[in-house]
Amino acid sequence: MAWNGIPAINQMDIAEQRIFMRLDLNAPISEEGQVTDLTRLEAAVPTINYALARSCRVVLASHLGRPKGQIKKEYSLEPVASHLAEMLDHEIMLTDYPIGDTATQLTRQMRTGDIVLLENLRFDPGEKSNDTAFARQLGSFAEIYINDAFGTAHREHASMAGILNHMQGPFGVGFLVERELTALQRLVDEPARPFIAILGGAKVSDKITLVRQLLRKCQTILIGGAMAYTFLAAQGVEVGESLLEKEQIEVAEQILQLAHHNEVNIQLPTDHVVSDSPDNSETRLSGPGVPQGMMGFDIGPRTCETFTKHIMNAGKIFWNGPMGFFERKAFSEGTRAVAEALTETQAYTIVGGGDSAAAIRQMGFHDKVDHVCTGGGAALTFLEGKPLPGLAALQVASARYSASQL
Ligand code: AMP
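The structure is reproduced here in structure tokens:
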């Protein structure tokens, strides 16, 4: 089984069936309506191809952005459909709305090897609210259900959860979800020590639960990015005008105390690349703090060296969040140094989605680490030890289907 009793698509009898495939085709789209990063589309291809090779009729479904339950042209899956059709070398019929007459008609008329892509699921408010009527309509489009949307696994939405109550089954996961779960589970189970977490990005508040959880599992936590300034401020270090979450300073203090109590080494930056504005690429180094009137936008070379040493000696590593304002070249060296060290270490290494995944890809190192998650939020939820609602629902549906087959 791929995961807790849920089969993977290649463990199921799917030949010549109708499949509802929930994917994560939430690719970035430019103002001109172009897909600017094909990663999520590429990740979806193997599972679709597997089904097509078995003469299935395939109904694809995904959300795109946040249209807030309304039809908004800029969130149409149209550009995604044309890119995907090109990648698969296969025609894709796009519906005008995720449910309704056109979707019903097209999915009914499908012949062997046809692909119908439902328009953005979030055009209907029922997707996010896990609405029963919406879920029932989605469920009427096929018999078999495959979830290959890891990026949405932490959401209890209609196409992830409610739909399962209205389908016959079997139910399973695609190759992407299987790979993500296997990698994350391996990180949890891997006995090699030390376990090092590298955390960055802007917001401490987003990562509090994760940090608390990691304090029970890791030996060392390296903290960079803007979130380091909240921790430095908690230690009484001058942080100048750097991005700071003042209301989180007390929480940071508690975390530092807890780390001390648990004998976890929280390593904060000891030097910084600073500037008076994010638009000013004239930078200078400062340390241990950031002088008044200046802002810290990246970890400095001394910190890079310390972080690299930890990374080289680690047994397993989880990285989430850039070390600085990496979108600007002048402030990208810290993130690059960490990414580069990750390609050289012997440790089992997972990069946890979001900006760190984008950064490692941008730097061309993504093939040189053990795994890059396609879903940051889902990966964090998994490591926080919380159930992923989408997968929990799938587990229940799978068990129900297995029992019905006895
Ligand atoms: P998050 O969504 O919390 O992971 O934050 C990611 C964002 O934080 C990225 O866009 C980074 O450019 C930004 N970031 C990281 N470090 C800094 C910093 N020192 N100052 C300003 N922005 C930063």
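Numbering (my numbering), first residue to last: 1088 to 1493. No residue lacks a Cβ here, since even glycine has one placed at the ideal position from N, Cα and C.
Item, Value
"Simplified DSSP assignment, three categories, for Asp-1100", "coil"
"Exposure label - Asn-1349; buried when at least 16 CB within 10 Å", "exposed"
"Backbone CA spacing between Pro-1375 and Met-1450 [nearest angstrom]", "28 Å"
"Gly-1092: first and last residue of the uninterrupted beta strand (DSSP E) it sits in", "Note, Gly-1092: premise wrong, no beta strand (DSSP E); not H, not E."
"Alpha-carbon spacing of Ala-1426 relative to Phe-1452, whole angstroms", "7 Å"
"Asn-1252 in three-state terms, based on DSSP", "helix"
"Spatially closest choice to His-1177 from Pro-1185, Asp-1183, Ala-1168, Tyr-1184, by CA coordinates", "Ala-1168"
"For Tyr-1435, three-class secondary structure by DSSP", "strand"
"Straight-line gap, Gln-1322 to Ser-1419 (C-alpha atoms, nearest Å)", "25 Å"
"Segment contact flag, the segment 1346-1366 with the segment 1387-1398, C-beta cutoff 8 Å, min 3 pairs", "yes"
"Same chain, Cβ closer than 7 Å to Ile-1179, five either side skipped, listed in chain order", "Ala-1168, Leu-1171, Ala-1172, Ile-1202, Leu-1204"
"According to DSSP, residues forming a beta bridge with Thr-1307", "Ile-1283, Asn-1352"
"Proximity of Phe-1318 and Ala-1339 at Cβ, strictly below 9 Å", "yes"
"For Phe-1258, the first and last residue of its enclosing beta strand (DSSP E)", "1258-1260"
"Gly-1411 versus Thr-1422 - alpha carbon distance", "7 Å"
"9 Å Cβ cutoff, Lys-1215 in contact with chain B", "In the structure shown, chain B does not exist; there is a single protein chain."
"Segments assigned beta strand (DSSP E), at least 3 residues, entirely inside the segment 1182-1230", "1202-1204"
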